[in-house]
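The structure under discussion appears below in the form of structure tokens.
Pasting the structure below:
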């Protein structure tokens, strides 16, 4: 059975079998449900978007939760969000597509085509082997221990120029993952199959193994966008329940408020770095509210700038993203704590809707200002990128305006 809901939308009524009710009743992190009759149930989605296959046998349900924002804008946000992705504001899918998974497959295929345009990336890897001839260096200790007095075969170690590197393992794992997802169009499915063939010689990740770790550098710069999408595909293959259990799903889910926070932190941080220099620190965890360090503060972005006194980097901007329809008093309390602890007189809250403004908070004999900004995710991606630049300009201007 296929069920389609809208992120944060109203209640809709569906006819469900007892087995399907049992399947959906276990998904309280994804949706709310209330019975009307024994077979008719009202369903409403929460804050995750994507498409997943849930349950087994008669209880199988294909659940799709459509985002409020257009999918191309959602993919624009995603391009900033995964860790270690190089800044790249280009849209990852040009064609309008209503569903996240098919759009993600098209985006991944497009990104990998660009990444592999100049060939599959190779690198040197130290390889231990047993050979009938010398290659590289003989491992004398291993040779004496394993084959004392026997001339061949030889225990050797050599540098092998191979495609079996973390970057290619990540692309292969994501391609194989997408090939198992239903609903992918024939064209991207065929492109994914060609990608797996091109990555011949790359090891397949064992089931349940963590995603390979990679470090961005000049060598793999052309892979960065594709690797960001690959990480998203693999992370979207599971989600956590409230009791800490992790559930594997056949599909992908994105939690919108987490995505919004990651996008704002990286996008504004990069815009500030280009504008005034310094170092952005998304999801900075270097400060605690208490002296014992038990209550760690978690602002979405702290931007560090050189001190005029000695040139050392010191915290200069604090920003927190709020995927909410209207400001709440707790947001002001939280930002006040950030500003006081970081020694700043300006703090910035960024909302996905609402109105901009400023709140002045008396602290001791002085005041601090908490600015409310709005980034409208429904705007086209080029306008959204311009809005981020304007937001960075406003943040910088507030920093230089002094305490009222």
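Residue numbers (my numbering): 109 to 512. For glycine and all other residues, C-beta sits at the position ideal for the given N, C-alpha and C.
Do residue j and residue i count as a contact pair if the criterion is CB distance below 8 Å?
i           : j           : result
residue 313 : residue 504 : no
residue 146 : residue 173 : no
residue 212 : residue 151 : no
residue 464 : residue 477 : no
residue 138 : residue 171 : yes
residue 121 : residue 144 : yes
residue 287 : residue 376 : no
residue 217 : residue 300 : yes
residue 177 : residue 485 : yes
residue 103 : residue 457 : Any property of residue 103 remains undetermined from this structure, which presents the chain solely from 109 to 512.
residue 482 : residue 459 : yes
residue 264 : residue 253 : no
residue 158 : residue 361 : yes
First and last residue of the beta strand (DSSP E) that includes residue i?
i           : result
residue 522 : Since the displayed the chain opens at 109 and closes at 512, residue 522 lies outside it and no answer follows.
residue 390 : 387-390
residue 232 : 231-239
residue 274 : Element bounds for residue 274: not the beta strand (DSSP E) but the alpha helix (DSSP H), 274-287.
residue 269 : 262-270
residue 470 : 465-471
residue 478 : 474-482
residue 170 : 169-174
residue 412 : 409-414
residue 313 : Premise fails: residue 313 is in no beta strand (DSSP E) and is neither H nor E.
Could you pull the DSSP bridge partners for residue i from this structure?
i           : result
residue 122 : 149
residue 141 : 151
residue 396 : 404
residue 459 : 430 and 482
residue 113 : 173
residue 326 : DSSP output for residue 326 lists no bridge partner at all.
On a CA-only basis, which of the options is nearest residue i? Give me that one, please.
i           : options               : result
residue 419 : 269, 445 and 386      : 386
residue 424 : 451, 292 and 396      : 451
residue 126 : 137, 370, 134 and 167 : 167
residue 110 : 446, 132 and 441      : 132
residue 395 : 422, 377, 373 and 372 : 422
residue 398 : 416, 445, 475 and 308 : 445
residue 163 : 214, 149, 142 and 135 : 135
residue 280 : 230, 289, 303 and 293 : 303
residue 407 : 373, 321 and 234      : 373
residue 410 : 383, 382, 400 and 455 : 455
residue 333 : 470, 447 and 185      : 185
residue 117 : 316, 175 and 161      : 175
residue 319 : 297, 335 and 364      : 335
If contacts are defined as beta-carbon pairs under 8 Å, then residue i and residue j qualify, I think. What distance do you get, rounded to the angstrom?
i           : j           : result
residue 449 : residue 405 : 6 Å
residue 310 : residue 277 : 6 Å
residue 367 : residue 215 : Not confirmed; about 15 Å, so no contact.
residue 325 : residue 273 : Not a contact, Cβ separation roughly 12 Å.
residue 378 : residue 328 : Actually they do not touch by this definition, with Cβ atoms about 19 Å apart.
residue 365 : residue 495 : Actually they do not touch by this definition, with Cβ atoms about 19 Å apart.
Looking at the unbroken alpha helix (DSSP H) that takes in residue i, where does it start and where does it end?
i           : result
residue 252 : 248-254
residue 382 : 364-384
residue 502 : 489-507
residue 428 : It is not in any alpha helix (DSSP H) - residue 428 instead sits in the beta strand (DSSP E) that spans 421-430.
residue 298 : 294-306
residue 442 : 437-450
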